[in-house]
Amino acid sequence: MDEKYFPQKVEKKWQQKWQESACFHTEPDADRPKFYQLEMLPYPSGNLHMGHVRNYAVGDALAWYKRLCGYNVLHPIGWDSFGQPAEDAAIKRGENPRLWTERNIQLMTGQLKRLGIGYDWERQIAAHRPDYYKFDQWFFLKMYERGLVYKKMSEVNWCETDQTTLSNEQASGGLCWRCGNPVIKKEIEQWFLKITDYADQLLDDMAEIEDGWPAHVIKRQRDWIGRSYGAYIDFEALGRARDASKSAGESKSAGENVGSSNHGIAGSATKIRVFTTRVDTIFGATALVLSPRHPFVSEVWDSLDSEIREKIEAIRAELAKPQRRDEELQKDGVYLDIKALNPFNQAEIPIWVGNYVMIEYGTGALMSVPAHDERDFEFAKRFGLEIKQVVEPIAGGITLEAGGIVPEIGDYKIPEASSGHNNGSKAGNNGKLPFTGYGKLINSAEWTGLTSEEALRKMAEYAREKGFGEPAVTFRLRDWGISRQRFWGAPIPIINCEKCGAVPVRYEDLPVELPEDAPITGTGESPLAKVPEFINTICPKCQSPARRETDTMDTFVDSSWYYYRYTDPKNSELPFDPEIARYWTPVDQYIGGDDHAVMHLIYARFWTKFMRDIGLVDFNEPFRRLLTQGMVVGETFFDDSGGKRQYFPPDSVIVKRDNKGRILSAETKDGKSLKYAIERMSKSKGNGVDPDEMIEAFGSDATRLFVLFAAPVENELVWHESGIDGAVRFLQRVWKLVYRWHNVFQGFSYEGSLPSNNDNPVVRRLRRKTHQTIQRVTAALESLQFNTPVAALMELCNAIYDSNLEPEKADAEEIFAMYEAVS
RNA sequence: GCGGACGUGGCGGAACUGGUAGACGCGCAGGUCUCAGAAGCCUGUGGCCGCAAGGCCGUGGAAGUUCGAUUCUUCUCGUCCGCACCA
4 MDEKYFPQKV
14 EKKWQQKWQE
24 SACFHTEPDA
34 DRPKFYQLEM
44 LPYPSGNLHM
54 GHVRNYAVGD
64 ALAWYKRLCG
74 YNVLHPIGWD
84 SFGQPAEDAA
94 IKRGENPRLW
104 TERNIQLMTG
114 QLKRLGIGYD
124 WERQIAAHRP
134 DYYKFDQWFF
144 LKMYERGLVY
154 KKMSEVNWCE
164 TDQTTLSNEQ
174 ASGGLCWRCG
184 NPVIKKEIEQ
194 WFLKITDYAD
204 QLLDDMAEIE
214 DGWPAHVIKR
224 QRDWIGRSYG
234 AYIDFEALGR
244 ARDASKSAGE
254 SKSAGENVGS
264 SNHGIAGSAT
274 KIRVFTTRVD
284 TIFGATALVL
294 SPRHPFVSEV
304 WDSLDSEIRE
314 KIEAIRAELA
324 KPQRRDEELQ
334 KDGVYLDIKA
344 LNPFNQAEIP
354 IWVGNYVMIE
364 YGTGALMSVP
374 AHDERDFEFA
384 KRFGLEIKQV
394 VEPIAGGITL
404 EAGGIVPEIG
414 DYKIPEASSG
424 HNNGSKAGNN
434 GKLPFTGYGK
444 LINSAEWTGL
454 TSEEALRKMA
464 EYAREKGFGE
474 PAVTFRLRDW
484 GISRQRFWGA
494 PIPIINCEKC
504 GAVPVRYEDL
514 PVELPEDAPI
524 TGTGESPLAK
534 VPEFINTICP
544 KCQSPARRET
554 DTMDTFVDSS
564 WYYYRYTDPK
574 NSELPFDPEI
584 ARYWTPVDQY
594 IGGDDHAVMH
604 LIYARFWTKF
614 MRDIGLVDFN
624 EPFRRLLTQG
634 MVVGETFFDD
644 SGGKRQYFPP
654 DSVIVKRDNK
664 GRILSAETKD
674 GKSLKYAIER
684 MSKSKGNGVD
694 PDEMIEAFGS
704 DATRLFVLFA
714 APVENELVWH
724 ESGIDGAVRF
734 LQRVWKLVYR
744 WHNVFQGFSY
754 EGSLPSNNDN
764 PVVRRLRRKT
774 HQTIQRVTAA
784 LESLQFNTPV
794 AALMELCNAI
804 YDSNLEPEKA
814 DAEEIFAMYE
824 AVS
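The numbering used here numbers the first residue of the first sequence as 4 and each following residue consecutively.
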């Protein structure tokens, strides 16, 4: 043992030992409690970044801790190895995606090992290998059998930069999750998974995990699923107000023309169904507004004035454009010159097409109640529609229980007093419209005088009795579109036959393997379509020539179930053996970035529920506890005087700081002054830090210790090179202690325990500190804190030094054990 | 616009269910060692006054509850994040 601490040497020695003894390999053991520690698997981009280091250092600390507590710990790793960067490499450098991916896995495996993370390498998996994606396809077929898969022509999110479709989750905020560019709408045929069938469960089962998940993730998922209670109401379309021939070319402000005539269109029993959460306001409905893509619009298309058609087309085009995030689209619309009948009061109201009505939500049509809805109000103002108040505020405001207690009758629930409904007081007090709160009904025939709460229930029931509506629940969540026009993914196991249509591949023919290579151009067509050997096949049903589906699956399919595969990674018959998985799953602790709060984490929950339904698992939720770690960020220096931001790497910048360490100014070597900021680490910004260099310079233990200590895990971590010195110093001090004492320890055996009131005050103080430390570290780790236990150990270390030698044996033993627990 | 979270030294951050605010680390200052530097070690480090003992102020701001508030309540200001016409 050296007197001085040479981390590189020590770490190498232990890493070799771990490798030889495969000491992190585990098998189920019925006699021991299990602990499944999981971190989000990395994409094999070619190199580890500090975000990975943080994620895996935290996970490894927990895994060690649980191991020391006597648990049988499963701590696996794998590769989320399908995805676009492999194709980009193919386009840019002509590399084969498979070879590129395999090489990166090699590189990163080496990095992870040098980092000294204690993984069970024998359980390693990789999504791009046929033995894995075979089961992506298997699941697809299982879902197909259960009616959870369908193909639909629809308007999808399309990223022009990445040339592929995106799911709703991946296009959240109107921006592509990968490249951050605005998303457009495109009409395309694609395969969907009916995640909406599980919407209720996805929402309700959150009660099971609420305690173990960060509140903000729970909230985001709740909002994303967005359940609202209300009612469907059918309005009957009455027909054209005037002859198409007469009105051509005549421009009009539609509001004036309301209520003249009612020539029925041929077979015009057409009913238009709307969804509303506010039936209580239906007497104030002064228009019906449809999405420009509503089926009724195409139904009456031929009878519409050309002018109206043009307008509708213009609106559609406007909506397909990428939307600016910050600005709201101006309300726009056009009167169809057709009226509808309000079933409650037989009022004839105009049917409009409006740009603010979404085809995907509810029924794609709404009743416009300008007096009690801000959007309708705006629309009505703009086009001069009637505004009729039918609810008035009740003194004292809120009629529904604050906090959204939801009363229930049968399957019908009163909507919670939720966002958008400012309850009474604000809008009510000054009598201004729109009044969007709940209150008391006025101008509503026999319903007048009821409170909103009563009316909501009674009117929905009434609609059901009379057959023109029913209580209803709708969701914001949409089905999951999984088709991707890409090469580097799992082929969708479908064969298109001219006679039989879309036919699923037979189980015994799985996997449908990707060809070795394909012309990858990035132009938005499926590369597989250009590989004849791949597409040409025969129909499993009728044996006639047929063509394979050429789209591949969203890579989020791979990551929806990978954590089960770890339990039985070599199984060739099933994704995993349910018996084996029963021991290990569910995952006890999951750690990863919160960028997946609504993507991966909602898909994985959905997948688990499906697996439960086909008998593979027997629980509802895959991840008992979730920890979302913050990003690792660093200082950036840039010049944006030329409009575009140009970054300068920190080592090329001369930074002046005051004597408290604050940045005073920064300039380039030739004296140009620069701005500075704290931003996410990345190569292009020059503020990235290479984990390998850190390990080389300071050792992996110091690197990891610093990452744990520097900030609470869930916070952002600002990388300052100087911070790591503290970790290095601490480890050196520990090393020195061990060096000084290990010979003494060698011949020593401790039997029984020392009396707690030892008469040596130094010993007494030290032992007390030691036990306090154990307690603090344990408590902190149980509550997923990693910075405070390190601080506690530093304190202990200081205390040992302060005691001026001669600490007796038991203490030092414990120190060492605790040190291991964290590093 | 709607919703959520958070405001503690120069910095990252401690403070368990209301009980000595600022643990631990970084940075900074002084000292020691050295021909010198680096590393190490020691001391100091919220602000103001004071040679010192000590005193006063202090957890974004204002008020309140309490013997006692970083912690609880109300208002207010600020920062960050999420959603984006979801009927």
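Note that beta-carbon positions come from the ideal geometry of N, C-alpha and C, so glycine has one too.
All of these numbers come straight from a predicted model, not from anything done at the bench.
Range of the contiguous beta strand (DSSP E) that encloses residue i
i, result
"M370", "368-371"
"Q546", "Premise fails: Q546 is in no beta strand (DSSP E) and is neither H nor E."
"Y39", "37-42"
"H642", "Reading the sequence as shown, one finds Asp at residue 642 and not His. From DSSP, the beta strand (DSSP E) with D642 extends over 635-642."
"A533", "As written in the sequence, residue 533 is Lys, which differs from the Ala given in the question. Run containing K533: none; DSSP gives neither H nor E here."
"G596", "590-596"
"E719", "Here E719 belongs to no beta strand (DSSP E), and DSSP marks it neither H nor E."
"I541", "539-541"
"R628", "626-632"
"R460", "From DSSP, R460 is part of no beta strand (DSSP E) but of the alpha helix (DSSP H) over 455-469."
"Q649", "649-651"
Residue i, enclosing alpha helix (DSSP H) - first and last residue
i, result
"W227", "218-228"
"S157", "No alpha helix (DSSP H) holds S157; the beta strand (DSSP E) holding it covers 152-162."
"C72", "Counting along the chain, C72 falls outside any alpha helix (DSSP H), and DSSP gives it neither H nor E."
"I318", "309-323"
"Y565", "565-568"
"N801", "790-805"
"V710", "703-712"
"A93", "87-96"
"T524", "Segment: none, T524 is in no alpha helix (DSSP H) and carries neither H nor E."
Pick from the options that is closest to residue i, judged by C-alpha positions
i, options, result
"H52", "Q114, F641, A89, L734", "Q114"
"G633", "Y46, G54, Q22", "G54"
"A1", "Y804, R743, A714", "The shown model of the chain, from 4 to 826, leaves out residue 1, and the question about it has no answer."
"G484", "W564, K391, F195", "F195"
"K672", "I228, A607, F640, C545", "F640"
"L720", "G691, L740, L734", "G691"
"R771", "Q127, L344, D283, L799", "L799"
"W141", "Q788, P578, G215, P530", "P578"
"D597", "L629, P625, A129", "L629"
"D482", "S685, I228, V508", "I228"
"I497", "E519, T773, V152, A607", "V152"
"G357", "M209, V292, L77", "V292"
"P295", "G287, S306, E313", "E313"
"E148", "A669, F613, D693", "F613"
"D591", "E6, Q40, P36", "Q40"
"S1", "Q224, E395, K469", "The requested residue 1 is not part of the displayed model; the chain covers only 4 to 826."
"D165", "V560, S529, V300", "S529"
"E464", "V658, V282, D5, L784", "V282"
"P287", "V394, Q775, R568, S231", "Note on residue identity: the sequence assigns Gly, not Pro, to residue 287. It is V394 whose Cα lies nearest to the Cα of G287."
Integer-rounded CB distance, given that residue j should sit under 8 Å from residue i
i, j, result
"K391", "A374", "6 Å"
"E888", "K154", "Here the chain has residues from 4 to 826 only, and residue 888 is not among them."
"A89", "R707", "Actually they are not in contact, since the Cβ atoms of A89 and R707 sit about 29 Å apart, beyond 8 Å."
"G442", "F386", "26 Å between Cβ atoms; not a contact."
"L740", "I803", "6 Å"
"I777", "L205", "Between L205 and I777 the Cβ distance is about 41 Å, and since that is not below 8 Å, they are no contact."
Output the residue ranges of the beta strand (DSSP E) runs that lie fully inside the segment 335-376 and measure 3 residues or longer, sorted by chain position. 336-344, 351-357, 368-371
Fill in: Stretch-stretch touch, CB-based, cutoff 8 Å, three pairs: the segment 177-186 with the segment 620-637
no
Indicate whether the contact test is met: 3 or more Cβ pairs, each with one atom in the segment 275-294 and one in the segment 219-238, closer than 8 Å.
yes
*Looking at C-beta atoms only, is the number of pairs between the segment 102-112 and the segment 40-48 that lie closer than 8 Å three or more?*
Result yes; three or more Cβ-Cβ pairs closer than 8 Å.
- Query: Taking one C-beta from the segment 442-452 and one from the segment 159-168 each time, how about it: are there three or more such pairs within less than 8 Å?
  - Reply: no
Are at least three pairs of beta-carbons, each pair with one atom in the segment 560-580 and one in the segment 138-156, less than 8 Å apart? yes
At least three beta-carbon pairs within less than 8 Å, the segment 123-137 to the segment 74-86
yes
Decide yes or no for the touch test of the segment 494-503 against the segment 532-549: beta carbon pairs closer than 8 Å, at least 3 of them.
yes
Segment contact, 8 Å Cβ cut-off, at least three pairs: the segment 314-325 with the segment 343-354 = no
- Which ranges would you report for the beta strand (DSSP E) in the segment 156-212 if only whole runs of at least 3 residues count? With a minimum length of 3 residues, the continuous beta strand (DSSP E) runs that stay inside the segment 156-212 are 167-169, 187-196.
In chain order, what are the residue ranges of uninterrupted beta strand (DSSP E) at least 3 long that sit wholly in the segment 653-681? 656-660, 666-671
- Runs of beta strand (DSSP E) wholly within the segment 488-517 (minimum 3 residues, chain order): 497-500, 504-507
Is it a yes or a no for the segment 728-736 touching the segment 696-711, going by three-plus beta-carbon pairs under 8 Å? yes
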